[in-house]
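Notes follow the structure.
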């Protein structure tokens, strides 16, 4: 097997650990996307030639602290980034002339203020085109209906954000 070794791009060279903490793959285009944990750069790797592109034009809401832990690609081929310490969800265009263009999606009320270690991933349900964010310290579940996100802010399920997570039982 061939192992390709490349330097990892970072927006802050003083960061030595946890630069990236998740990956999403666009199999049709052969692109690997890595959202930043500490790197401050969204990285795209072309699987054909291993070329690396980076993007860092963050929406105002997250520009100060673009820290994400988890990513998924929806049916419209948009990359969703789960906020860890970022103040909003970020959606990135990953195809066409607007590749790398980012927009923020506000977190529902009651998540956490200020945001800290909110989510540790997300998953896309392809049959329903919904995204489930995996709570870490977030006090509420978040489910986003991606189908509604093309022309307007996405629909955040009221059922999923209106209920607090149950307390953790020490007995299992």
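In the working numbering, the protein residues as written are 91 to 262.
Where is the CB? At the ideal position from N, CA and C, for every residue including glycine.
The structure displayed is predicted, hence computed values, not measured ones.
Looking at residue j and residue i, is the spacing between their C-beta atoms short of 8 Å?
{"i": "residue 220", "j": "residue 232", "result": "no"}
{"i": "residue 194", "j": "residue 147", "result": "no"}
{"i": "residue 109", "j": "residue 125", "result": "no"}
{"i": "residue 224", "j": "residue 211", "result": "yes"}
{"i": "residue 134", "j": "residue 175", "result": "no"}
{"i": "residue 145", "j": "residue 186", "result": "no"}
How would you label residue i, buried or exposed, when you count the other beta carbons within 10 angstroms and need 16 or more for buried?
{"i": "residue 241", "result": "Unreliable placement is indicated for residue 241, whose pLDDT of 43 sits below 50; the coordinate value is still reported in the next sentence. Under this definition residue 241 is an exposed residue."}
{"i": "residue 120", "result": "exposed"}
{"i": "residue 97", "result": "exposed"}
{"i": "residue 228", "result": "buried"}
{"i": "residue 217", "result": "exposed"}
{"i": "residue 139", "result": "exposed"}
{"i": "residue 160", "result": "buried"}
{"i": "residue 173", "result": "buried"}
{"i": "residue 180", "result": "buried"}
{"i": "residue 208", "result": "buried"}
{"i": "residue 162", "result": "buried"}
{"i": "residue 91", "result": "exposed"}
{"i": "residue 47", "result": "A question about residue 47 goes unanswered here, because the residues of the chain that appear run from 91 up to 262."}
{"i": "residue 154", "result": "exposed"}
DSSP state of residue i, grouped into three classes?
{"i": "residue 117", "result": "coil"}
{"i": "residue 236", "result": "helix"}
{"i": "residue 131", "result": "coil"}
{"i": "residue 164", "result": "coil"}
{"i": "residue 196", "result": "strand"}
{"i": "residue 190", "result": "coil"}
{"i": "residue 86", "result": "Residue numbering for the chain in the displayed model covers 91 to 262; residue 86 lies beyond these limits and cannot be assessed."}
{"i": "residue 139", "result": "coil"}
{"i": "residue 172", "result": "strand"}
{"i": "residue 241", "result": "Confidence is the limiting factor: at residue 241 the pLDDT is only 43, short of 50, which leaves the residue's position unreliable, though a coordinate-based value still follows. Residue 241: coil per DSSP, three-state reduction."}
{"i": "residue 148", "result": "coil"}
{"i": "residue 122", "result": "strand"}
Taking the beta strand (DSSP E) that residue i belongs to, which residues open and close that run?
{"i": "residue 59", "result": "Since the displayed the chain opens at 91 and closes at 262, residue 59 lies outside it and no answer follows."}
{"i": "residue 231", "result": "Per DSSP, residue 231 belongs to no beta strand (DSSP E) and is neither H nor E."}
{"i": "residue 212", "result": "209-215"}
Would you check whether the ligand GTP has a heavy atom nearer than 7 Å to the C-beta of residue i?
{"i": "residue 188", "result": "Absent from the structure shown: the ligand GTP. Ligands present: none."}
**Message:** Taking contact to mean 3 or more Cβ pairs, one atom from each stretch, closer than 8 Å, check whether the region 111-119 and the region 150-169 are in contact.
**Reply:** yes
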